[in-house]
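Residue numbers (the numbering used here): 15 to 377.
For each residue, glycine too, the CB sits at the ideal point set by N, CA and C.
From a predicted model like this one, the values you see are computed outputs, not experimental measurements.
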Ligand code: ATP
Ligand code: MG
């Protein structure tokens, strides 16, 4: 069986370091591993509209931002198909049929959707489109017969929902769709990077992000004002690592070689953590270290972005071409789905013949 990747991001803002460690960095590695037959990377504008229906301009503006972030991180249009969700009408068509295979109570149990509804204060005014986006996401994944979906941890319930839809579809209509697998980061802290404010998740919607496109100064300012341990007031006080975003980021980004370059008094992260917990190590010193590490990782991305920003029409062209390739792929799956569901009336000569015979017998 072919190995196929489908994944994507909502164009609700520029991409941040949470996306980077949660999914983007892995995608680039997988792309360059050469192990995959096809790779589809989607800018999920239709999904973004499910909770931004009244703000289409925001979605429109952020398509190019997300595409710039993709390319500057190393996604390569020669190796990966970059496309825009709304340009593939088959995705909406598939979702429409999958809706028959999912109950309202099953959707209500989805913990990510529950949390997102709360975060957006939707309560009783949830748009139907937002409520059903896990179904639409199942359409996105299955349209490309994806086997592998590299995502952050918050997406696990979506992949599980998708697998259930696939199993139900194949059971009812015969083997047609492929069950995907989620690929979440091996490093646990990367599954759900907290915000700079220490809140559970760095998220465009919460405004607690370090963006891949932030300037060196912006990154430094954000790092220096990050949430640490509120009880660590004096340098001599013992500090806690629990919920301390600076140390969580170090867990996500720090390698042993960074100590030699930026903090040679310590051999590794465990030593640094030990000193912090004992007391005598100030937040400023740890933050400066984190800032150095982040700058090293983000600088090449920022530089590539600056070059790419001079080629905007070419990037739209990449997305247009990618959308054409993706559409052909989704159309192929759609025709298999229609045949399995027996809604391919005009392609089915046997049906027409049988009906003709039935009515001929009547007269
Ligand atoms: P929004 O607030 O609009 O939902 P978002 O910041 O949550 O935006 P998405 O576009 O929903 O971003 O997520 C895209 C991908 O990035 C998903 O695979 C998601 O799991 C991953 N991701 C998002 N935020 C984080 C994070 N803080 N840590 C790790 N992975 C993340
Ligand atoms: Mg999200």
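6 Å CB neighbourhood of residue i in its chain, flanking five on each side removed
i: residue 218; result: 26, 27
i: residue 149; result: 109, 112, 113, 116
i: residue 265; result: 203
i: residue 306; result: 276
i: residue 242; result: 258, 260, 297
i: residue 41; result: 164
i: residue 262; result: 203, 208
Environment of residue i [buried if 16+ CB atoms lie within 10 Å]
i: residue 222; result: buried
i: residue 235; result: exposed
i: residue 138; result: exposed
i: residue 83; result: buried
i: residue 229; result: exposed
i: residue 52; result: buried
i: residue 164; result: buried
i: residue 231; result: exposed
i: residue 293; result: exposed
i: residue 159; result: buried
i: residue 199; result: buried
i: residue 144; result: buried
i: residue 247; result: exposed
i: residue 240; result: buried
i: residue 23; result: buried
i: residue 233; result: buried
i: residue 104; result: buried
Coarse secondary structure for residue i, derived from DSSP in three states
i: residue 320; result: helix
i: residue 196; result: strand
i: residue 78; result: helix
i: residue 339; result: helix
i: residue 42; result: helix
i: residue 226; result: coil
i: residue 22; result: strand
i: residue 278; result: coil
i: residue 249; result: coil
i: residue 145; result: helix
Chain-order list of residues whose beta-carbon lies under 8 Å from that of residue i (same chain, five-residue window excluded)
i: residue 106; result: 60, 150, 153
i: residue 124; result: 148, 171, 172, 175
i: residue 216; result: 30, 31, 32, 207, 208, 209, 210, 222, 223, 224
i: residue 313; result: 230
i: residue 70; result: 63
Under 8 Å between C-beta atoms of residue i and residue j
i: residue 118; j: residue 81; result: no
i: residue 3; j: residue 20; result: Shown here, the chain extends from 15 to 377; a query on residue 3 therefore has no answer.
i: residue 181; j: residue 193; result: yes
i: residue 297; j: residue 260; result: yes
i: residue 344; j: residue 157; result: yes
i: residue 187; j: residue 370; result: no
i: residue 255; j: residue 290; result: yes
i: residue 101; j: residue 341; result: yes
i: residue 301; j: residue 249; result: no
i: residue 162; j: residue 351; result: no
i: residue 205; j: residue 36; result: yes
C-beta neighbour in chain D for residue i, strict 8 Å
i: residue 224; result: No chain D appears in the structure shown, which is made up of a single protein chain.
Own chain, CB closer than 7 Å to residue i, minus 5 neighbours either side, in chain order
i: residue 392; result: Residue 392 is absent from the model: the chain starts at 15 and stops at 377.
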